[in-house]
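In what follows, a structure is listed as structure tokens, so that the remarks can point back to it.
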Amino acid sequence: MMHKQYDTIVLGAGIAGTTLATILAKNGHRVLMLEKESHPRFAIGESLVFRGALWLWLLGQQYDIPEITNLSHIDTLAEHVSPGCGFKLTFGFLYHREGQEQNPRESNKIIPPIVHFISDSHLYRQDVDHYMVKAAQKYGAAYRDRVTVTNIDTDDDGVTVEISTGEQFSARFLVDGTGYRSPLARRVDPAGIKTQSRAIFTHMKNVPAYDDIAPGGTPPAAKMSATWHGGTLHHVFDGGWMWMIPFDNHDQTSSNLCSVGLMLDPRRFPVDEALTPQEEFEAIVARFPTIARQLQGATPARPFVRTGRIQYSAESSLGPRHFLLHHAHSFIDPLYSRGMIRAWETVYALSSRLLAALHDDDFTPERFAYLDTMQAFQFRRTDQLVSNAYRSMPNFQMWNAWLHLWMGNELLTALYLWRRALKYMQSGDKAYLAGLDESPKPCMGAPFAPGVQVLYDRCESLLDRVDAGEISYEAAADALLAALKQADFLPHVAFDFGSGAATHADFVPQTTIAKILLWGKLRAPEAMRREVFDLPLRTVMKVEVGARWRPLRRRWNEALRLAPPRELAAAASSAES
Numbered sequence: 006m007m008h009k010q011y012d013t014i015v016l017g018a019g020i021a022g023t024t025l026a027t028i029l030a031k032n033g034h035r036v037l038m039l040e041k042e043s044h045p046r047f048a049i050g051e052s053l054v055f056r057g058a059l060w061l062w063l064l065g066q067q068y069d070i071p072e073i074t075n076l077s078h079i080d081t082l083a084e085h086v087s088p089g090c091g092f093k094l095t096f097g098f099l100y101h102r103e104g105q106e107q108n109p110r111e112s113n114k115i116i117p118p119i120v121h122f123i124s125d126s127h128l129y130r131q132d133v134d135h136y137m138v139k140a141a142q143k144y145g146a147a148y149r150d151r152v153t154v155t156n157i158d159t160d161d162d163g164v165t166v167e168i169s170t171g172e173q174f175s176a177r178f179l180v181d182g183t184g185y186r187s188p189l190a191r192r193v194d195p196a197g198i199k200t201q202s203r204a205i206f207t208h209m210k211n212v213p214a215y216d217d218i219a220p221g222g223t224p225p226a227a228k229m230s231a232t233w234h235g236g237t238l239h240h241v242f243d244g245g246w247m248w249m250i251p252f253d254n255h256d257q258t259s260s261n262l263c264s265v266g267l268m269l270d271p272r273r274f275p276v277d278e279a280l281t282p283q284e285e286f287e288a289i290v291a292r293f294p295t296i297a298r299q300l301q302g303a304t305p306a307r308p309f310v311r312t313g314r315i316q317y318s319a320e321s322s323l324g325p326r327h328f329l330l331h332h333a334h335s336f337i338d339p340l341y342s343r344g345m346i347r348a349w350e351t352v353y354a355l356s357s358r359l360l361a362a363l364h365d366d367d368f369t370p371e372r373f374a375y376l377d378t379m380q381a382f383q384f385r386r387t388d389q390l391v392s393n394a395y396r397s398m399p400n401f402q403m404w405n406a407w408l409h410l411w412m413g414n415e416l417l418t419a420l421y422l423w424r425r426a427l428k429y430m431q432s433g434d435k436a437y438l439a440g441l442d443e444s445p446k447p448c449m450g451a452p453f454a455p456g457v458q459v460l461y462d463r464c465e466s467l468l469d470r471v472d473a474g475e476i477s478y479e480a481a482a483d484a485l486l487a488a489l490k491q492a493d494f495l496p497h498v499a500f501d502f503g504s505g506a507a508t509h510a511d512f513v514p515q516t517t518i519a520k521i522l523l524w525g526k527l528r529a530p531e532a533m534r535r536e537v538f539d540l541p542l543r544t545v546m547k548v549e550v551g552a553r554w555r556p557l558r559r560r561w562n563e564a565l566r567l568a569p570p571r572e573l574a575a576a577a578s579s580a581e582s
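Per my numbering, numbering through the sequence shown is continuous, rising by one, with the last residue being 582.
Structure below.
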């Protein structure tokens, strides 16, 4: 039966809105989800990074919702959610120059550590989003699709939503998860946004593994513990990049699809209106021989989508009795999956506050002020990160130096969250799952965060000097690398941060993890020893042993496709016995 009065109305049934609806419904609140389209439906935002998987695991544990936890590992995704999701063992970056074959020495392969309770994945969103709609319904949320909202009234007493049928629904609070076309967002002029990019994307069939078409091998990346095809591949060039997100890269997948998309700086690649989206995509790909060879036999599984500039933002996340989720508030670019990270940070911070407000029947703006500050900071930080990435793309040395900085921050932030997970697993105390919504956003209370921000600002100032013609890209890269080499909060024992010759990082071997943990315990700055590396060693050993001895067949088959390190081979042999 469809009621008319609810505690919360969620507009839009994307992955973040349905996750929030599931949490609210699980806690006994009456929730209505209103969706303009219907499920299953196509959606982008398909690459789940290590930090994103950790957030999903933390949310699932915090609220005792296995359906959310199931999204945090490829095994549970395949078993409970969809066999169409892909594996993600690697972040691959291949640098290209127009008219030339890709130079294997201008490449970066980053392989995160294996942790048994979470894994990066490629989310086949039409299945994953539909799964979360059904999860929310299982816990009691109501759902209406193919709905057009015609009017929204919000005031200090509540919210009323009217749809095209004339029906009206009332609630104590409304969450807007509709994205760019939010009916509540007050859009601001994008002129102040530094990043400028547009997109052309689709799903394709018959995209071969890059390892099978790579020019002349890929030393030393070929000797690492995972293949290029084992994760997300980024083709990078001056003025843009291409994502390749395979869903067909493990032995239990049901998919033959690969998500493929171009992100282009419109100042460098203005839209060619004389061409269809597919024709323009093919014309740009043809400039890069190695990319063209990888896609020469591929066929689109759906029509190409072409956008204009994709950056937008809103004046505020808050209004009377309502809140804008991350993509209703703002968006920058899919690079580094920042949108997915923002999604889970926002759901994490909003869930506890909205549950408390519903309990107290108190929705004063002050209760949600942190969220407005948080989203504004997320937006500025993401804009700085992504715009400087694009500014680094004209030169491989600068790009490589920039990746050192990005990777260092991702590694440390993942360790910071991993510590909370381990503390919880050791004690069972959910207090370790709370309190991560630090100021001005989650994880910014980490002891390394100020140092990372100094390096981000240093990188930006160096690129400003490049743009002004004061220094070369090479000089800027050298200066950033020198600053990275001096950063005492980075684990130089595991990767040669600050060395231009260091282009690949493999964190799978046990010796690498051991080096990081020993450095963290004995040699890291005191605040990091206390707040990042005070890890419960017995639990660490259990997790690490579980990761290497548990027979995760998809993981071993992919990890062992190319010559593995000795300890991986031994662990795999033990796992099969």
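Think of the CB as a built atom: it goes at the ideal place given N, C-alpha and C, for glycine as much as any other residue.
| Query | Result |
| --- | --- |
| Backbone CA spacing between residue 487 and residue 496 [nearest angstrom] | 15 Å |
| Own chain residues within Cβ distance below 8 Å of residue 384, not counting five before or after | 318, 334, 335, 337 |
| Residue 387 versus residue 345 - alpha carbon distance | 12 Å |
| Nearest neighbour of residue 289, chosen from 305, 307, 269 [CA to CA] | 269 |
| Cβ distance (whole Å) where residue 409 is taken to contact residue 159 below 8 Å | So it is not a contact: roughly 46 Å between Cβ atoms. |
| Residue span of the alpha helix (DSSP H) that contains residue 10, given as start and end | No alpha helix (DSSP H) holds residue 10; the beta strand (DSSP E) holding it covers 10-16. |
| Inside the segment 404-441 only - beta strand (DSSP E) runs reaching at least 3 residues | none |
| Cβ pair residue 368, residue 362 closer than 7 Å | yes |
| Residue nearest to residue 484 in terms of C-alpha spacing, selected from 442, 185, 182, 461 | 461 |
| Three-state secondary structure (DSSP) of residue 601 | Residue 601 lies beyond the stretch modelled for the chain, which goes from 6 to 582, so this question has no answer here. |
| Buried or exposed by the 16-neighbour rule on C-beta atoms within 10 Å, applied to residue 247 | buried |
| Collapsed DSSP secondary structure at residue 531 in the structure displayed | helix |
| Supposed contact pair residue 331 and residue 380 - C-beta distance, whole angstroms, cut 8 Å | 7 Å |
| CB-CB length for residue 182 against residue 21, believed under 8 Å | 6 Å |
| Whole-angstrom distance between residue 231 and residue 561, CA atom to CA atom | Residue confidence is low: residue 561 scores 40 on pLDDT, short of 50, so the model does not pin down where it sits. No coordinate-derived value is stated. |
| Outcome for residue 309 when other beta-carbon atoms lying within 10 angstroms are tallied against a minimum of 16 | buried |
| Residue 448, DSSP secondary structure in three states | coil |
| Secondary structure of residue 239, DSSP reduced to three states | strand |
| N- and C-terminal bounds of the beta strand (DSSP E) containing residue 483 | Careful: residue 483 lies outside any beta strand (DSSP E), inside the alpha helix (DSSP H) at 478-491. |
| Neighbour-count burial assignment, residue 526, 16 or more Cβ in a 10 Å radius | exposed |
| Best match in 43, 19, 15 for proximity to residue 35 [C-alpha to C-alpha] | 15 |
| Cα-Cα separation between residue 228 and residue 263, rounded to whole angstroms | 25 Å |
| CA-to-CA distance, residue 393 to residue 119, given in whole angstroms | 29 Å |
| Boundaries (first-last residue) of the beta strand (DSSP E) holding residue 78 | That residue, residue 78, is in no beta strand (DSSP E); it is neither H nor E in DSSP. |
| The beta strand (DSSP E) enclosing residue 178, as first and last residue numbers | 173-181 |
| Proximity below 7 Å, CB of residue 27 to CB of residue 140 | yes |
| Assigned secondary structure, residue 393 (DSSP; H/G/I helix, E/B strand, else coil) | helix |
| Selected residue, minimal CA-CA separation from residue 188, among 493, 404, 17, 512 | 17 |
| Cβ-Cβ separation, residue 123 to residue 202 (assumed contact under 8 Å), whole Å | Their Cβ separation, rounded to whole angstroms, is 29 Å, which puts residue 202 and residue 123 out of contact at 8 Å. |
| Where the beta strand (DSSP E) through residue 99 begins and ends | 96-100 |
| Secondary structure of residue 377, DSSP reduced to three states | helix |
| Spatially closest choice to residue 114 from 521, 323, 512, by CA coordinates | 512 |
| Range of the contiguous alpha helix (DSSP H) that encloses residue 346 | 343-365 |
| Residue 240 versus residue 88: straight-line alpha-carbon distance, rounded | 26 Å |
| Bounding residues of the beta strand (DSSP E) (the contiguous stretch that carries residue 247) | 245-251 |
| Three-state secondary structure assigned by DSSP to residue 459 | helix |
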